[in-house]
Amino acid sequence: MRRQYPFQLFEPKWQELWHNGEIFRSWNPGESAPAGHPFRKRHQSAAPERIPKYYILDMFPYPSGAGLHVGHPEGYTATDILARYKRMRGFNVLHPMGWDAFGLPAEQYAIKTGQHPRITTEANVANFKRQIQSLGFSYDWSREVDTTDPQYFRWTQWIFLQLYNSWFNPETSKAEPIETLDYPADISTEEQKRSWLDSHRLAYVSEAPVNWCPELGTVLANEEVKDGVSEVGGFPVVRRPMRQWMLRITAYSQRLLDDLDAIEWSDSLKEMQRNWIGRSEGAEVIFKVKGLDAEIAVFTTRPDTLFGATYMVVSPESDLIDVIVKDENLLEVQTYQAESSKKSDLERTDLAKEKSGVFTGAYALNPVNGRLLPIWTADYVLAGYGTGAIMAVPAHDLRDLEFAEKFELPIEVVVQAPKGEESLGFSGEGFAVNSDFLDGLPTLEAKSRIIDWLEEKELGARTINFKLRDWLFSRQRYWGEPFPIVWDDGGHNALDETDLPVLPPDLTDFKPTGSGDPPLARAQEWCQVEEGVVREVNTMPQWAGSCWYYLRYLDATNGRKFVGESAEKYWMGTSNDEATPGVDLYVGGTEHAVLHLLYARFWHKALFDLGYVSSPEPFYKLVNQGLILGEDGQKMSKSRGNVVNPDDILDEFGADALRLYEMFMGPLEMVKPWNTKGVEGVYRFLGRVWRMFIDEKTEKTFEQQFTLSPEKGSELLAELKISVDVVDIDPTQEQMKVLHTCIKKVTEDMENLRFNTAISALMVFVNEASSWDLRPLSVMKDFLLLLVPFAPHIAEELYSKANNQEGSIAYYPWPIFDEKHLVETSIEMAVQVNGKVRDRLQVPTDIDSIKIEELALNSENVKRHIEEKKVKKVIVISGKLVNIVAV
RNA sequence: GCCAGUGUGGCGGAAUUGGUAGACGCGGCGGAUUCAAAAUCCGCUUCUUUCACGAGAGUGUGGGUUCGAGUCCCUCCACUGGUACCA
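Just so you know, our numbering puts 34 at position 34 of the first sequence, and the rest follows in order with no gaps.
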């Protein structure tokens with residue numbers, strides 16, 4: 001496509017000017033912009049803390065070797081537009097960027113080549129930074145963070161220490177320093193005390209079965225495993241007991257759930273988090289085992305069906321089995337246990353269709369009626385949820401029903417389904433039947449009645465269960481944060497804050513050791529701190545660095561604290577009643593719905609409890625940008641060959657056009673396909689803007705000269721003159737109306753992040769204005785101010801020419817909409833007969849409804865349609881339409 | 001299966017509280033300009049029917065509420081995302 005305007009000249013020019021002048025640096029309390037800085041010009045000498053803040057955050061990228069794809073700039077452009085808009089509205093805007101640079105690809109590349117992952121990471125960061133900067137985003141680069149920088153991760157390690165040195169007090173529902181934890185009376189020895197503390201810390205060591213991924217050579221968190229395979233790479237995952245670091249996120253289950261109500265996230269995202277946390281209310285019921293001094297506790301959400309329990313199931317991993325199993329069943333049970341332990345999660349899911357299990361030979365007694373219930377073991381009961389055992393009510397649970405049918409166990413209906421529905425297999429709410437004192441009660445009442453009964457007899461209690469599991473926090477990797485932990489005599493100790501950062505050792509071989517230890521174990525000297533004291537050789541997962549990066553931005557170079565107090569108070573919002581607590585707007589992909597966003601909320605809450613941050617939630621408002629698909633409507637991927645590289649688009653159409661197109665495609669949150677023709681469309685629009693301002697003659701000269709001697713580009717650019725049609729005259733009423741219609745629409749859309757329709761309003765203005773013979777300078781300048789957030793380079797360039805000035809307009813006040821310019825003297829109204837438009841009338845705005853009715857009934861088109869009918873009713877909606885009802 | 005979301009021209013999408021469906025852009029058609037082409041500028045472009053004026057249909061399906069429904073209520077269908085023996 002033919003070049004519409006010389007973006008290749010002025011885009012880099014303005015980017016350099018913004019960079020050199022630190023135009024987009026944001027100011028912390030106590031700082032002030034230098035004289036001559038546009039921020040200073042706008043706000044005079046007002047202290048930053050007196051200016052309302054606006055913190056607008058992007059999810060920082062993992063700098064992959066592939067570079068930016070067109071999905072990245074979608075979110076970044078949206079936040080940039082808003083950041084620029086908010087500056088013009090007079091806010092002190094914080095808009096930073098950084099790198100989530102620990103991660104698997106760099107490590108795998110290192111294993112293959114022996115090259116240190118730092119080298120790959122640095123190269124990738126440089127490439128990402130170049131690409132991001134070429135789009136003209138208004139980031140404050142003085143606050144850039146990199147999670148792999150020791151000056152950054154020393155604070156990641158420091159936060160880990162805070163978690164390690166805290167416990168969750170159930171009385172206050174808050175994290176507190178471990179020193180406040182009291183010892184129970186029966187604890188006396190040092191060893192007992194230590195283990196008491198260790199079992200209460202927010203960061204603790206566990207021996208439980210974990211998700212082990214042999215292909216990746218590391219363990220994974222529950223959140224990182226989908227359908228039995230790793231989320232990264234899709235490799236099989238098996239359960240295997242290992243000693244690992246865990247974070248006690250489950251302590252926060254209820255708060256993580258409750259506080260969702262106080263933040264502005266999309267319903268679907270909140271729902272995903274709610275489902276993941278998975279709260280369910282019910283009861284724990286205790287069953288006695290016949291002939292033994294043993295009990296089985298089960299969790300159920302349907303205690304009202306207790307009378308319908310006909311057997312019990314214990315998970316094959318349960319310790320109870322050894323206690324209850326009868327000799328004659330022992331062999332069969334052990335064989336079954338061995339089989340299910342060998343199965344990977346994937347196999348267990350695959351085999352889900354067909355139930356399996358064996359009888360243990362033992363019986364339990366149903367506490368309500370003394371009925372004998374055979375106890376089975378089956379892998380459809382999970383060890384990790386509830387108590388790892390269930391009472392089976394086959395009549396009202398599909399899984400129990402399937403199992404009972406297969407093994408011919410009794411089935412008893414105890415809930416009457418509503419009319420028209422089959423009671424057998426019904427798992428909804430109905431009425432209790434065959435249940436003695438519950439009979440006739442609706443499900444809800446039956447539940448509460450039976451729980452009261454159980455509590456009275458001390459056979460059970462009201463309970464709440466969560467699906468959320470503690471966070472498996474250690475990985476067998478090289479390229480991650482080392483733990484600030486050392487071991488002696490099998491016990492762990494925290495390092496002192498003054499020992500931070502703990503740097504990883506230099507290695508040349510990044511594979512795990514032959515004996516299966518993590519790669520850090522290769523550095524024997526590093527591991528050995530002193531006689532009998534060795535370092536922890538696991539590293540933290542990639543999520544660690546992203547759990548708090550938004551806090552480091554607030555005070556990125558602070559060498560004494562992870563974030564300074566005044567900066568934290570100002571930007572996270574408690575210094576001023578008007579301010580939003582937390583990040584004002586966070587934009588990013590939906591792939592982090594349950595990983596990063598849950599982990600970060602958890603860390604933030606712990607830091608909040610310990611008094612380090614002042615808002616209970618980190619991200620007040622969150623928006624997920626929709627995926628951008630390839631031109632063929634498929635997900636972009638190398639193998640499909642439908643990947644669009646932003647560098648190519650930038651070369652051909654420039655940054656402004658790319659930015660504008662990314663926003664014009666459709667609503668930010670929607671999935672939408674890429675279409676390069678669409679880029680051409682917005683590029684043409686910007687070309688029309690350019691030609692509306694620039695004198696045709698000098699433009700022609702420029703074209704010729706520039707072709708001959710491209711090296712003189714910047715001089716030639718300066719020679720371009722403003723068109724003689726753009727003149728300093730008073731605008732007409734009509735022109736003011738066009739302008740203010742545009743101001744109104746763009747401003748409203750901006751506040752609601754509807755950038756696609758804002759851009760279409762700008763296009764409407766240009767379509768109108770290009771038909772004007774003379775274009776009033778004041779109107780055209782206001783238009784450019786509306787354009788700045790979207791296409792900042794061309795807007796700056798044209799404004800500086802039109803106003804004959806140098807310097808940025810980034811802090812110029814946003815044009816203010818004035819209703820008076822939209823006042824009309826006459827208006828078009830539609831006339832409907834029985835809801836169908838038959839005519840349109842041009843009427844004065846102050847006309848009364850009787851007059852309108854008369855006009856409408858006299859219209860020739862209307863008469864034709866009501867001829868042989870009787871007018872029953874006439875409805876007049878003033879300013880809009882008239883509807884004549886005739887039969 | 002369950003939970004959430006989305007269905008509007010050839011395509012991306014507009015329609016802010018129930019009030020003129022299809023803004024804006026892409027694509028297509030026609031014209032101006034040009035030796036010619038590109039670029040640019042102007043016009044038309046939901047479908048059916050009509051020479052035309054017009055008429056009829058139309059927002060996934062079927063129904064309902066209303067003077068009036070893309071918008072509200074119910075049924076079903078399709079697609080997308082999440083989740084899945086969670087008792």
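For each residue, glycine too, the CB sits at the ideal point set by N, CA and C.
Practice prompt. Tell me where the alpha helix (DSSP H) around Ser849 begins and ends.
Written response: Ser849 to Asn858
Fill in: CA nearest to the CA of Pro73, picked from Gly681, Arg659, Phe102 and Ile759
Arg659
Worksheet item: How far does the alpha helix (DSSP H) with Val950 in it reach, from first residue to last?
Response: Lying before the first or after the last residue shown, residue 950 is absent from the chain, which here runs from 1 to 887.
Practice prompt. For Trp603, name the three-state secondary structure that DSSP assigns.
Written response: helix
Worksheet entry | Buried or exposed (CB count within 10 angstroms, at least 16 for buried), Thr498 | exposed
Worksheet item: For Arg25 versus Ala810, is the C-beta distance shorter than 8 Å?
Response: For Arg25 and Ala810, no; Cβs fall outside 8 Å.
Item to complete: Answer yes if the segment 237-247 comes into contact with the segment 205-214, meaning at least three C-beta pairs across the two stretches below 8 Å, and no otherwise.
Response: yes
Discussion item. DSSP three-state label for Gln805, please.
Written reply: In the structure shown, Gln805 falls within a coil segment according to DSSP collapsed to helix, strand and coil.
Worksheet item: Between Leu889 and Asp725, is the Cβ-Cβ spacing less than 8 Å?
Response: The chain is shown only over 1 to 887; residue 889 falls outside these bounds and no answer can be derived.
Worksheet item: Near Gln832, which residues of its chain fall below 8 Å by C-beta distance, leaving aside the five closest residues on each side in sequence?
Response: Within the same chain, Gln832 has close Cβ partners Arg838, Leu881, Val882, Asn883 and Ile884.
Practice prompt. Would you decide whether Lys869 is buried or exposed? Buried here means 16 or more other CB atoms lie within 10 Å of its CB.
Written response: exposed
Practice prompt. Specify whether the segment 41-58 and the segment 705-725 touch according to this definition: at least 3 beta carbon pairs, one from each stretch, less than 8 Å apart.
Written response: no
Discussion item. Quick check on this structure: which residue in Phe783, Phe431 and Gly21 has the alpha carbon closest to the alpha carbon of His37?
Written reply: Gly21
Discussion item. I need the boundaries of the alpha helix (DSSP H) containing Val323, first residue and last residue.
Written reply: Leu320 to Ile324
Discussion item. Out of Lys863, Leu841 and Val874, which one is the CA nearest neighbour of Lys850?
Written reply: For the record, residue 850 in the displayed sequence is Ile; it is not Lys. Checked all of Lys863, Leu841 and Val874; the closest Cα to Ile850 is Val874.
Item to complete: Can you grab the Cα-Cα spacing for the pair Glu429 / Cys547, in whole Å?
Response: 41 Å
Fill in: Every unbroken alpha helix (DSSP H) inside the segment 367-449 [4 residues or more]
398-407
Fill in: Neighbourhood of Leu197 by C-beta distance below 7 Å, restricted to the same chain and skipping five residues each side
Ile178 and Leu181
Fill in: 7 Å Cβ shell around Leu468 - same chain, five flanking residues per side excluded
Ile249, Thr250, Ser253, Trp276, Ile277 and Gly278
Worksheet item: Going straight from the alpha carbon of Thr701 to that of Leu9, what length do you get?
Response: 16 Å
Item to complete: For the segment 149-169 and the segment 133-141, state whether three or more C-beta atom pairs, one from each stretch, are separated by less than 8 Å.
Response: no
Worksheet item: So what's Gly589 in DSSP terms, helix, strand or just coil?
Response: coil
Item to complete: Could you pull the start and end residues of the beta strand (DSSP E) that Leu507 belongs to?
Response: Neither: Leu507 is in no beta strand (DSSP E) and is coded neither H nor E.
Practice prompt. Identify every run of the beta strand (DSSP E) within the segment 276-301, keeping only runs that are complete inside it and at least 3 residues long; order them along the chain.
Written response: 279-289 and 295-300, all fully within the segment 276-301.
Discussion item. Checking the sheet assignment: what are the DSSP bridge partners for Leu629?
Written reply: Lys635 and Pro673
Worksheet item: So Val876 packs on Ile852, CB below 8 Å; how close in whole Å?
Response: 6 Å
Discussion item. Please report the distance separating the alpha-carbon of Tyr599 from that of Ala544.
Written reply: 8 Å
Worksheet item: Curious, which full-length alpha helix (DSSP H) runs of at least 4 residues does the segment 71-143 contain?
Response: Fully enclosed alpha helix (DSSP H) runs of no fewer than 4 residues occupy 71-88, 104-113 and 117-133 of the segment 71-143, in order along the chain.
Worksheet item: DSSP on Gln832, reduced to helix/strand/coil?
Response: strand
Worksheet entry | Gln625 classed as buried or exposed, judged by whether at least 16 other C-beta atoms fall within 10 angstroms | buried
Discussion item. For Gly228 and Glu190, I'd like the C-alpha separation in whole angstroms.
Written reply: Each residue's alpha carbon lies about 42 Å from the other.
Worksheet entry | Distance CB(Ser103)-CB(Tyr62) smaller than 8 Å | Checking the displayed sequence, the identity of residue 103 turns out to be Gly instead of Ser. The answer is yes: Cβ separation under 8 Å.
Discussion item. Tell me which residues share the same chain as Glu224 and place their Cβ nearer than 6 Å to its Cβ, disregarding the 5 neighbours each side in the sequence.
Written reply: Glu231
Fill in: Glu652 versus Leu401, Met692 and Thr676, residue with shortest Cα-Cα distance
Thr676
Worksheet item: Would you call the CB atoms of Arg255 and Trp212 closer than 8 Å?
Response: no
Worksheet item: With 16 other CB atoms within 10 Å as the buried threshold, where does Gln733 fall?
Response: exposed
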